[in-house]
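Counting from 329, one number per residue, gives the positions in the sequence shown under our numbering.
These notes concern the structure reproduced below.
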Amino acid sequence: MEKDDAVKENEKTNFIYQEIDKDLLDNKNKGVVLTRFPPEPNGYLHIGHAKSICLNFGIAQHYNAGCNLRFDDTNPIKEDEEYVDSIQEDVKWLGFKWVGEPKYASDYFDQLYLWAVKLIKNGKAYIDDQSADEIAKQKGTPTVPGVESQFRNRSVEVNLDLFERMKNGEFKEGEKVLRAKIDMASPNMHMRDPIMYRIIHKPHHRSGNKWCIYPMYDYAHGQSDFIEGITHSICTLEFEVHRPLYNWFLDQILEGDPIPDVRTRQIEFARLNLNYTVMSKRKLLELVQKGIVDGWNDPRMPTISGLRRRGYTPESIRMFAEKVGVAKRDNVIDVALLEFCIREDLNKKAMRVNAVLDPVKLVITNYPDDMAEWMETPNNPEDETMGTRKIPFSKELFIERDDFMEDPPKKYFRLGPDREVRLKSAYIIKCTNYIKDADGRIKEIHATYDAETRSGMPQSQRKVKGTLHWVSAKHCFEADVQLYDRLFMDPEPDGHKDIDFKEFLNPQSLTVISGCKLEPFLKDAKPLDHFQFQRIGYFTVDSKSDGKKLIFNKTVGLKDSWSKNSQKE
Ligand code: ATP
Ligand code: MG
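Okay, structure coming up:
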C-alpha cells in the first residue's frame, strides 16, 4: 500500500510510534513488534473500530511487522458466528491482512484455566459464593474501601475443589464465581478482588459445550495478548485503569517462570467519537432489532458495512483515520471530515455520468425526429487516463425540473424563456416555449439547438453561462435513487441524560425517489461501482438491487452543504 500524505503526517505526530521507537531502542521484546486488533464478535464493526484497525495494522506496516486479528469471544451470550464473518470481511475490505489464521480468545480457554488453577494454588484467587449483587455492594467507592468477602480466606484445597466442580457443571449460574485475591482497599476499583470466572450454561460458538465457566474479559484479554506474543497492546483510554490489573495477572501467571522474551505493553489512545451518530454496539443492535434501520449495513449506519453500502471506499476511511490521528484525550470528530475524505477520493476515481432525478421533458423542435448522435464525453475530467465514452443525444431529452424557471431572476444561469444554456457535451440550446399541465406544473419545455455549437467541434467556441446535464428520453432507463440525511438530528444523540437516543432519530433520513432517468451506460452498474451524477453528487449501486430494477445510493453531495448550513445557524 502506498503511503499518502496523511499517513506520513501522522507518523510524525503519533505518540504511539514514539513509544514503540523507545522500546526498540531499549531492545525490548528482542526487537520484535507485533500488534493485534481484538474485536468482540457481538456486533458489526463501526467507524470507531476502523480507527483502531488502521492504527494497529498501520503500526505493523510502519515497523514491517505483523498484526493479529483476535476475536475476544469470552461471552457466549452475545456472540455469534455472523459477526465473526462480517468482521473478517470488513478488515479485509479495509485493505489489511492479519498474520496467519484469525485467533480466538476461546482457543486459550485451557491455558487460562490452568493459569487460574496456578493462582488458586498460590493463594491469589478464591471462590466466592455470593451473588453478583452482593459482591457489587461490597466493592465500596473510590473513596470508601471495599469489604472483604466472607469466603475470601477459604483454603487452597477447598478453592481447587470448588473451581473444578464449577468447571464440571455442578453449580447453577450465579451460584459461584472465581475472584482474584488482591486488595479490597485499593484506590483502583479494578484491583478490588475482580471476578475472573463466572458460570454460564450456554454453548459457545466455537468451544460448544466444553465449558460452562467463562473467563471475564479482564482476565482473558491481557493473557491472550501475552500468549500471542503481542508486544504492544493498543487500546482505548477507558482501559488505562485496567492496566495495573492486567500487569498483576501477568505477574501472577509468570510467577516462578523464566522471564519471557516478550512482555506485552499496553498503550492507550482516545476512542473515536463522531457526531450525529451513536457508536455503542448495544445501541446499533437496538436500531437493527427494532427495524429502525435496514440491518447492520443500512447506509445510514456508522458501521463499516453500512459505509461500504453507502459508497464509501476503503481509501477514504483510511484517510479519515489518518486525519483524525491519535489523541490522548477524548474528543468528538465532525462527520463532515469523513464526508470530506470520501469526496476527495471519489473526485479522483468516480466516473462522471448523467442522471436526472426529477425529470421534465425537453423537446428540441428543430432536431430531426429519428436522429440520434453519440456525443463524446470525458469519463473524468480530473483523470484523462479514464478515457471518454459516447452518450446518445436525440430530439426528446430529460433535464432536471429545477433547471428551468418560468420567470428566472437575473443571476439564474439555467434555462428560462428565451434563454440559452449548453447541454453538457452536446449543443447550446435556446428555450422557445413551455407547456403546463392542468395543475400549472411545467410539462414540457421546447427549445431549438444551434448545430454550430456541438461540443468539441472547432466552431463551438461560443460561450454561455449555464451548462446542464441531460439524458436522451428514448435511450435512458429508470432507476430508484435513495438519498440520505443524518440518522440523528442531534450532534450527540446519546449524550442526553434521561432522553432516549431514539428520540433524536431524523424522520427524513431516507428519501426514495423513483422514476429517475439515467443514461444507458449505467444499466450495467454493479454494487461498489462509484459514479458522480454530474451536478448532483456521488452514488453507488445498492447491494440490494436486483436484476429488475437498479437502486442507487447517494454517498455524499458534491459540496459540503451541511457545514455551510450549520455555520449560518
Ligand atoms: P463493547 O465493549 O461495547 O462491546 P467495543 O466498541 O469496545 O464494544 P470491541 O469489539 O471490544 O468493541 O472493540 C474492538 C477494538 O476496537 C478494541 O480494541 C477497542 O478499543 C477498539 N474500539 C472500539 N470502539 C472504538 C472507537 N470508538 N474508537 C477507537 N477504537 C475503538
Ligand atoms: Mg470492548
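The beta carbon of each residue, even a glycine, is placed where N, CA and C say it ideally should be.
Distance between beta carbons of residue j and residue i, contact taken as under 8 Å
i: residue 636; j: residue 881; result: With a Cβ gap of about 10 Å, residue 636 and residue 881 do not count as contacting.
i: residue 649; j: residue 378; result: 6 Å
i: residue 724; j: residue 801; result: 4 Å
i: residue 670; j: residue 883; result: 6 Å
i: residue 596; j: residue 563; result: 6 Å
Extent of the continuous alpha helix (DSSP H) run through residue i
i: residue 797; result: Segment: none, residue 797 is in no alpha helix (DSSP H) and carries neither H nor E.
i: residue 634; result: 632 to 638
i: residue 380; result: 375 to 390
i: residue 749; result: Per DSSP, residue 749 belongs to no alpha helix (DSSP H); it is in the beta strand (DSSP E), 748 to 751.
i: residue 445; result: 437 to 449
i: residue 517; result: Element bounds for residue 517: n/a, residue is neither H nor E.
i: residue 343; result: 343 to 353
Distance between residue j and residue i (C-alpha atoms, nearest Å)
i: residue 390; j: residue 345; result: 9 Å
i: residue 631; j: residue 688; result: 37 Å
i: residue 372; j: residue 440; result: 27 Å
i: residue 462; j: residue 526; result: 15 Å
i: residue 541; j: residue 442; result: 13 Å
i: residue 511; j: residue 550; result: 20 Å
i: residue 620; j: residue 831; result: 12 Å
i: residue 460; j: residue 473; result: 18 Å
i: residue 517; j: residue 470; result: 6 Å
i: residue 339; j: residue 609; result: 30 Å
i: residue 891; j: residue 834; result: The pLDDT assigned to residue 891 is 44, lower than 50, so where the model puts this residue is not dependable, and the model offers no usable value.
i: residue 706; j: residue 558; result: 50 Å
i: residue 702; j: residue 741; result: 26 Å
i: residue 362; j: residue 478; result: 43 Å
i: residue 654; j: residue 566; result: 15 Å
i: residue 751; j: residue 386; result: 46 Å
i: residue 360; j: residue 352; result: 8 Å
i: residue 409; j: residue 730; result: 49 Å
i: residue 417; j: residue 569; result: 32 Å
i: residue 798; j: residue 684; result: 7 Å
i: residue 711; j: residue 554; result: 49 Å
i: residue 749; j: residue 793; result: 7 Å
i: residue 357; j: residue 585; result: 17 Å
i: residue 738; j: residue 773; result: 20 Å
i: residue 828; j: residue 760; result: 56 Å
i: residue 893; j: residue 735; result: Reliability fails at residue 893, whose pLDDT of 41 lies under 50, so the model's placement of it is uncertain and the value that follows must be treated cautiously. One C-alpha to the other measures close to 27 Å.
Beta strand (DSSP E) segment containing residue i, residue limits
i: residue 668; result: That residue, residue 668, is in no beta strand (DSSP E); its alpha helix (DSSP H) goes 663 to 677.
i: residue 561; result: 560 to 564
i: residue 851; result: Per DSSP, residue 851 belongs to no beta strand (DSSP E) and is neither H nor E.
i: residue 709; result: Note, residue 709: premise wrong, no beta strand (DSSP E); not H, not E.
i: residue 845; result: 838 to 846
i: residue 790; result: Taken as a continuous stretch (DSSP letters only), residue 790 belongs to no beta strand (DSSP E), as it is neither H nor E.
i: residue 507; result: 505 to 508
i: residue 722; result: 716 to 722
i: residue 601; result: 600 to 602
Contacting residues, own chain, Cβ-Cβ under 8 Å from residue i (five flanking each side not counted)
i: residue 445; result: 488 and 491
i: residue 717; result: 704, 705, 707 and 849
i: residue 869; result: 853, 854, 855, 856, 857, 878, 879, 880 and 881
i: residue 874; result: none
Sheet register partners of residue i (DSSP bridge)
i: residue 543; result: 525
i: residue 365; result: 397
i: residue 490; result: None, per the DSSP bridge assignment.
i: residue 680; result: 860
i: residue 593; result: 560
i: residue 776; result: 758
i: residue 458; result: According to DSSP, which records beta bridges pairwise, residue 458 is partnered with nothing at all.
i: residue 808; result: 879
i: residue 702; result: 720
i: residue 866; result: 860 and 884
i: residue 687; result: 728
i: residue 422; result: Bridge partners of residue 422: none, in fact.
i: residue 692; result: 775
i: residue 816; result: 833
i: residue 743; result: 732
i: residue 659; result: 600
i: residue 803; result: None, per the DSSP bridge assignment.
i: residue 764; result: 770
i: residue 431; result: 398
Cβ shell of residue i (< 6 Å), same chain only, five flanking positions each side left out
i: residue 396; result: 364, 426, 427, 431 and 556
i: residue 686; result: 728 and 729
Beta-carbon contacts of residue i that lie in its chain and below 7 Å, excluding the five residues immediately before and after
i: residue 765; result: 771
Residue i CB to nearest heavy atom of the ligand SAH below 8 Å
i: residue 697; result: The ligand SAH is not part of the structure shown, which contains the ligand ATP and the ligand MG as its ligands.
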